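In our numbering, the protein residues as written are 143 to 479. Input: a single structure, listed below in structure tokens.
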Ligand code: SAM
Ligand code: SF4
Ligand code: SF4
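Now the structure itself:
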């Protein structure tokens with residue numbers, strides 16, 4: 143039986159997002175702009191990445207302290223070699239109700255079956271537009287929509303259901319293509335989630351004017367495909383859910399900027415070099431890799447994570463101001479989305 147721990151605002155620890163690499167084969171302009179993440183950018187050397195054994199050991203300690211959901215992310219998680227081996231190690235942990243991956247889908251067609259066989263439950267695929275020209279310019283490496291769609295099909299065939307499709311919405315860039323994407327995935331077993339563009343990190347040149355409020359997205363889609371709001375599955379669910387009035391499935395919107403949900407935030411994030419972050423907008427993390435490599439016992443590491451969680455008071459999105467926006471923050475590709 144897991145121990146329940148709560149932070150200084152009474153929020154339990156339920157969710158662990160594990161970044162398995164800081165590298166990516168895309169250069170999405172809102173996440174890893176080419177001008178910053180160019181040829182000279184220093185990614186972590188392999189010796190600084192947590193090994194699968196180290197990740198699985200930490201994950202077990204988190205699960206013993208209340209975590210029920212584990213998401214692998216990055217960077218692009220499918221770039222990490224033999225990721226299915228890690229998935230199998232995590233799938234064996236008793237108490238994990240939900241084991242998922244967030245991926246850009248570029249390698250999913252090749253990997254979906256092996257991931258499913260290793261015990262992965264579901265997958266979230268990021269796809270910002272079905273308009274090939276818009277998508278290629280957003281991923282900024284000229285990657286075609288078609289190959290991501292092949293990845294989604296492979297995931298559905300492999301039984302990684304429901305597939306969630308993440309769409310980051312940027313004003314004037316892809317907001318004219320949202321109804322298309324909603325229409326395309328209606329009734330397919332995929333749930334599209336429209337995400338407000340966030341001021342994560344310091345390199346993407348974020349401006350409030352580029353954010354399309356989730357309420358506007360709902361209005362836009364509902365005008366063509368009528369929507370009805372539905373209840374959240376559980377407290378702490380980040381997406382507000384809507385179903386199609388005619389029964390064609392559901393969509394979600396993630397309004398992290400206009401309707402922040404910090405009061406229910408139960409997520410911890412572990413970067414690929416073993417730093418624990420208690421908020422997506424943290425300036426710094428807690429170094430668990432050193433604890434592991436110094437040979438600390440399970441009890442010592444677990445005590446450390448409990449102490450960190452108990453004093454947690456993060457609520458960046460609720461208190462976002464022009465001033466807090468200037469504070470140092472880690473990059474999304476490092477901390478894991
Ligand atoms: N590479 C994988 C992918 O793209 O799915 C996993 C890592 S990515 C950092 C995780 C999620 O964060 C993706 O759905 C991505 O679209 C989202 N994301 C990245 N930067 C963002 C931003 N500035 N605002 C909102 N979402 C963002
Ligand atoms: Fe890579 Fe994902 Fe960031 Fe795009 S959002 S650059 S795919 S890590
Ligand atoms: Fe959680 Fe931080 Fe995001 Fe608030 S801003 S929802 S505390 S990760």
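We put the CB at the ideal spot given by N, CA and C, even for glycine. These numbers come from a predicted model, not from an experiment.
Query	Result
Just tell me which of 371, 237, 395 has its CA closest to the CA of residue 146.	237
State the Cα-Cα distance for the pair residue 479 and residue 472, rounded to the nearest angstrom.	11 Å
Give me the Cα-Cα distance between residue 88 and residue 370, rounded to the nearest whole angstrom.	No answer is possible for residue 88: it lies beyond the span of the chain, which begins at 143 and ends at 479.
Is it buried or exposed, residue 149, if we count other Cβ atoms within 10 angstroms and call 16 or more buried?	buried
Please state whether DSSP places residue 157 in a helix, a strand or coil.	strand
So which of 294, 266, 278 has the shortest CA-CA distance to residue 315?	278
What residue range is occupied by the uninterrupted alpha helix (DSSP H) comprising residue 240?	No alpha helix (DSSP H) contains residue 240, which is instead part of the beta strand (DSSP E) from 240 to 245.
Can you give me the start and stop residues for the beta strand (DSSP E) that residue 214 sits inside?	211 to 215
Is the closest heavy atom of ligand 4 to the C-beta of residue 346 under 7 Å?	This structure lacks ligand 4; its bound ligands are ligand 1, ligand 2 and ligand 3.
What is the rounded straight-line gap between the Cα of residue 204 and the Cα of residue 218?	23 Å
Among 253, 295, 397, 367, which residue has its Cα nearest to the Cα of residue 309?	397
Which of helix, strand or coil does DSSP assign to residue 318?	helix
How is residue 417 classed by DSSP in three states: helix, strand or coil?	strand
What are the complete alpha helix (DSSP H) segments, minimum 4 residues, inside the stretch 245 to 315?	250 to 260, 274 to 281, 287 to 300
Ignore the nearest five residues each way along the sequence and tell me which others in residue 373's own chain have a CB closer than 7 Å to its CB.	none
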